[in-house]
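Please read the structure below before turning to the comments.
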Amino acid sequence: MLANPATSVTTIERFILEQERNFPDATGELSNLLYDVALGAKVIASAIRRAGLVHVLGSAGGTNVQGEEQMKLDIFANETLKNAMCHTGRVCVMASEEDEQLIPIPEQYSHGKYAVLFDPLDGSSNIDVNCSVGTIFSVYRRVSMEGSGTMADVLQRGSEQVAAGYVLYGSSVMLVYSTGRGVHGFTLDPTIGEFLLSHPNIMTPRVGRYYSVNESNFARWNRGVQMAVRGFHGDTPERIKGKKSRYIGSLVADFHRNLIAGGIFLYPGDEKNPEGKLRLSYEAAPMAFLIEQAGGGATDGYRPILSIVPDRLHQRTPLVIGSHDDVVFVTETIKEFGP
Ligand code: AHM
Ligand code: MG
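Taking our numbering, the leading residue of the sequence shown gets 1462, the next gets one more, and so forth.
And the structure:
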């Protein structure tokens, strides 16, 4: 009997369970961890939707470890994710872009086999103007033996991730994740409060339509990056066809559009900030894990993002990420024109 589309939907829970069935050794812990993240995302989504109504907008008055102004919703999102995961016995340690130090699991709870890192509310300067923001998460299997997780658990090479994903709080709320077996997208149905499978097996086009970069930094980039972006402008048609420019300034939103439609996102280093702006462990590595699963690429201009071993928690990295051929074009142009 054919399923009626209105009565047969695939929830994120059913999808993860069905994927797990293909792996008889799976204990279900990672699946449950993903539900925990999904639950946190629903709570955050609901707070974002109400933000304009309940006067939670504006600065909380503090600054985070990068010296940036913290919004109230950043703090709320950070606490929500910690609370969604700390008590479950699935996680041994956490790290967040909003916390300077590692986040230990409170004594009363048991320690699990996963280390989780997250950027609880990325692009938060967009909240005041009602534009899209996101949550990014990354999961590693612990390498320390037992008890509380350590720095070694969170400072692993990006290729060691066992899962990564993001939640986009946009015109609809989407959760996109991968456990290394394709990239799958779910859209939150607010009427039933469930993430439903809407984008199975996402593959990004090999050549993109869009390029996304903050061009106000153009004068400070090295010549290689400038030449690559000039290529995207259409100035060097003998090297590459020009593209359309799209930039929101919210990594999750820019990344998501490019993932689906094809495109490239760049946040290069410049004279002032040679390491760029974005964080390796909270932003670049999880997005790199996803884009590689979707057939694209991610580099810091010289080496694959997933090959980099972080040496500190809040390390920054230049990021070039998106459609495969466009990323190759940028790396070759940087090699040719150099700094
Ligand atoms: P945040 O983690 O403090 O929110 O900053 C990260 C955001 C990214 O979402 C976005 O890609 C980038 O900062 C935009 O930076 P800029 O305003 O310099 O273009
Ligand atoms: Mg961020």
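All C-beta atoms, glycine included, are put in the ideal place defined by N, C-alpha and C.
Cα-Cα separation between residue i and residue j, rounded to whole angstroms
i, j, result
"residue 1482", "residue 1472", "16 Å"
"residue 1475", "residue 1506", "21 Å"
"residue 1415", "residue 1708", "Since the displayed the chain opens at 1462 and closes at 1800, residue 1415 lies outside it and no answer follows."
"residue 1495", "residue 1696", "45 Å"
"residue 1789", "residue 1710", "23 Å"
"residue 1597", "residue 1500", "14 Å"
"residue 1723", "residue 1562", "36 Å"
"residue 1549", "residue 1769", "30 Å"
"residue 1784", "residue 1714", "16 Å"
"residue 1720", "residue 1575", "27 Å"
"residue 1565", "residue 1660", "35 Å"
"residue 1554", "residue 1664", "32 Å"
Nearest residue (CA-CA) to residue i, options the options
i, options, result
"residue 1794", "1762, 1782 and 1604", "1762"
"residue 1687", "1603, 1731 and 1786", "1731"
"residue 1674", "1645, 1510, 1598 and 1781", "1781"
"residue 1557", "1550, 1578 and 1541", "1578"
"residue 1728", "1757, 1777 and 1700", "1777"
"residue 1643", "1754, 1706, 1586 and 1786", "1754"
"residue 1586", "1509, 1600 and 1635", "1509"
"residue 1672", "1742, 1752, 1690 and 1655", "1690"
One or two residues paired with residue i in a DSSP bridge
i, result
"residue 1596", "1628"
"residue 1706", "1672"
"residue 1548", "Per DSSP, none; premise fails for residue 1548."
"residue 1728", "1780"
"residue 1557", "1579"
"residue 1649", "1656"
"residue 1743", "DSSP lists no partner for residue 1743."
"residue 1602", "1575"
"residue 1564", "1555"
Residue i: CB within 7 Å of a non-hydrogen atom of the ligand AHM
i, result
"residue 1558", "yes"
"residue 1715", "yes"
"residue 1728", "yes"
Bounding residues of the beta strand (DSSP E) (the contiguous stretch that carries residue i)
i, result
"residue 1759", "1758–1760"
"residue 1636", "1634–1639"
Check: residue i C-beta below 7 Å from any heavy atom of the ligand MG
i, result
"residue 1561", "no"
"residue 1744", "yes"
"residue 1583", "yes"
heavy atom of the ligand ZN below 7 Å from residue i C-beta
i, result
"residue 1580", "Questions concerning the ligand ZN fall outside what the structure shown contains, since the ligands it does hold are the ligand AHM and the ligand MG."
Continuous alpha helix (DSSP H) stretch holding residue i: start and end
i, result
"residue 1785", "1785–1798"
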